[in-house]
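Here the structure comes first, spelled out in structure tokens, and everything after it is commentary.
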Amino acid sequence: MRLTRRSFLATCASLPAVTAVAADAGLGALAARSGRYFGAAVSTALLTDGSAFVAPLERDCSVWVPEWQLKWGALTPAITAAADFTAMDGLVAAARTAGKRMRGHTLLWHEHLPDGIEALDGRGGWDSVVVPHIETVAGHYRDAFFEWDVVNEAIEPRDGGADLMRRTPFYRMLGPDYVAEAFRLAAEAAPSARLYLNEDHLYYDDEAQEARRVGLLALLERLVRAGVPVHGVGLQCHLDIRRRFDGRLFNRFLDEVTGLGLSVAVTELDVREHDDAAGRSLARRRQRAADEVTKVLDGLFDRSALAGVTTWGISDADSWLRKGGQGGDNQGLPYGDTFQPTPMRAALAALFTATRTRHD
Ligand code: G3I
802 MRLTRRSFLA TCASLPAVTA VAADAGLGAL AARSGRYFGA AVSTALLTDG
852 SAFVAPLERD CSVWVPEWQL KWGALTPAIT AAADFTAMDG LVAAARTAGK
902 RMRGHTLLWH EHLPDGIEAL DGRGGWDSVV VPHIETVAGH YRDAFFEWDV
952 VNEAIEPRDG GADLMRRTPF YRMLGPDYVA EAFRLAAEAA PSARLYLNED
1002 HLYYDDEAQE ARRVGLLALL ERLVRAGVPV HGVGLQCHLD IRRRFDGRLF
1052 NRFLDEVTGL GLSVAVTELD VREHDDAAGR SLARRRQRAA DEVTKVLDGL
1102 FDRSALAGVT TWGISDADSW LRKGGQGGDN QGLPYGDTFQ PTPMRAALAA
1152 LFTATRTRHD
């Protein structure tokens, strides 16, 4: 087989993962060699003394992201109640003690909201409730987060709008300009943070994901043209082994995003594969997940715009893909449910090692 970059990556990723862990300095250290970061979503529950999560989170991550504790509905049960930062402050303190930077996730999202949001309407609801939320939370963590997902999942073509945007409670209050206003408020409250628009379902070759790419690019062009302080795009990258991937298509999309002068971060990487696991050994399933990561992320590592990669959890033992009735024994993260490093970890190590670009 001619040694190409892709074949080199595939070879590295097929090495026995346990060797890969012994041989490398940790994913965060490998990422730092090209000015990037590697991180994972965490929660306080994973960081208790004796937790098996601590070792891989310490060894491999230079960045931690709160999986749910910074969501508006986790900070306060209702818009009539003040935010309680106790748990989140504890997580920030733990990250600081462990020498980890933190990404803020997320200021505005249509899920995990406090009671009362749905009843708000117009500029009045926005000014009286949403503005104080953004100012209070982004201000409270002014120096704690180096990057923020300011708005999460703003695109939804199935909502039928010509702008392909999701009709969230915030859209209903202010129209499409809620995104720009949120970024301006976040920039005011946390002036040193890099501000991201975070989105999913953008990677694969199908009509629905093409519509999302079109909608997101149109929104980004409006924001950049208006001088809104948006610094990057978060690609959640909840990958799905069943979907068709066309590298040329995805790279054309990435060209348009980076052509706007924006950074890109992979913000919630995992691979959904248990729906297509029948008849396959665990080892084969884990290798397929690793190969999906290499296939989809390879083009990103050719771009200096790539700021870093965050996986949505570090071990399958706590993956959201195994919760909430989705069930299954999904094999889609850098460590399996017995905390053994998986081929996906080796694939990430190979991508960080082989990259010839830097993000500074
Ligand atoms: O609320 C309880 C809390 O009181 C309790 O102390 C804690 C004990 O573990 O559990 C909390 O429960 C749930 C929490 O996950 C922990 O499992 C919350 O009710 C539940 O809403 C929360 O779900 C999270 C969800 O976002 C909503 O915030 C998932 O863990 C998290 O994986 C998911 O992540 C989203 C991203 O933010 C955006 N992209 C999609 C991704 C997956 O849905």
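As numbered in my numbering, residues 802 to 1161 make up the sequence shown, in order. From the three backbone atoms N, C-alpha and C, an ideal C-beta is built for every residue, glycine too.
**Study point:** Inter-stretch contact (C-beta, 8 Å, three-pair minimum) for the stretch 1097-1114 and the stretch 1074-1086
**Key:** no
Exercise for review: Report yes or no: do three or more beta-carbon pairs, one from the stretch 1131-1140 and one from the stretch 1082-1095, lie closer than 8 Å?
Suggested key: yes
Check your understanding: Who are the Cβ neighbours of Gly827 in its own chain at under 7 Å, not counting the five residues just before and after it?
Key -> Arg860, Asp861
Check your understanding: From Thr845 to Gly891, what does the alpha carbon distance come to, in whole angstroms?
Key -> 8 Å
Check your understanding: What number of angstroms, rounded off, separates the C-alpha of Ser929 from the C-alpha of Asn1052?
Key -> 42 Å
Exercise for review: List the endpoints of the continuous alpha helix (DSSP H) containing Glu989.
Suggested key: 979-990
Review point. Residues in its own chain within less than 7 Å of Leu1006 by CB, not counting five upstream and five downstream?
Key: In the sequence as displayed, the identity of residue 1006 is Asp instead of Leu. Answer for Asp1006: Arg1045, Phe1046, Asp1047, Leu1050, listed in chain order.
Review point. Where Ile880 and Val866 are concerned, what is the direct C-alpha to C-alpha distance, given to the nearest angstrom?
Key: 24 Å
Check your understanding: Comparing the CB of Arg1113 with every heavy atom of the ligand G3I, is any distance shorter than 7 Å?
Key -> What sits at residue 1113 in the sequence shown is Trp, not Arg. For the ligand G3I, at least one heavy atom lies less than 7 Å from the Cβ of Trp1113.
Check your understanding: How many angstroms separate the CA atom of Ala894 from the CA atom of Ala883?
Key -> 21 Å
Check your understanding: Is Gln1010 near the ligand G3I, judged by its Cβ being under 7 Å from some heavy atom?
Key -> no
**Study point:** Distance, Leu909 Cα to Arg1157 Cα
**Key:** 35 Å
**Study point:** Contact set for Gly1035: own chain, Cβ-Cβ below 6 Å, skip 5 residues either direction
**Key:** Asp950, Tyr997, Asn999, Ala1066, Thr1068
Point to revise | Coarse secondary structure for Asp964, derived from DSSP in three states | key: coil
Practice item. From the DSSP output, in three-state form, read off Gly1060 for me. Key: helix
**Study point:** Assigned exposure category for Glu919 - 16 Cβ within 10 Å defines buried
**Key:** exposed
Review point. Taking just the CA atoms, how far does Trp873 sit from Leu986?
Key: 16 Å
Practice item. Would you check whether the ligand G3I has a heavy atom nearer than 7 Å to the C-beta of Trp865? Key: no
Review point. Helix, strand or coil: how does DSSP classify Pro1144 here?
Key: helix
Point to revise | CB-CB length for Leu921 against Pro970, believed under 8 Å | key: 7 Å
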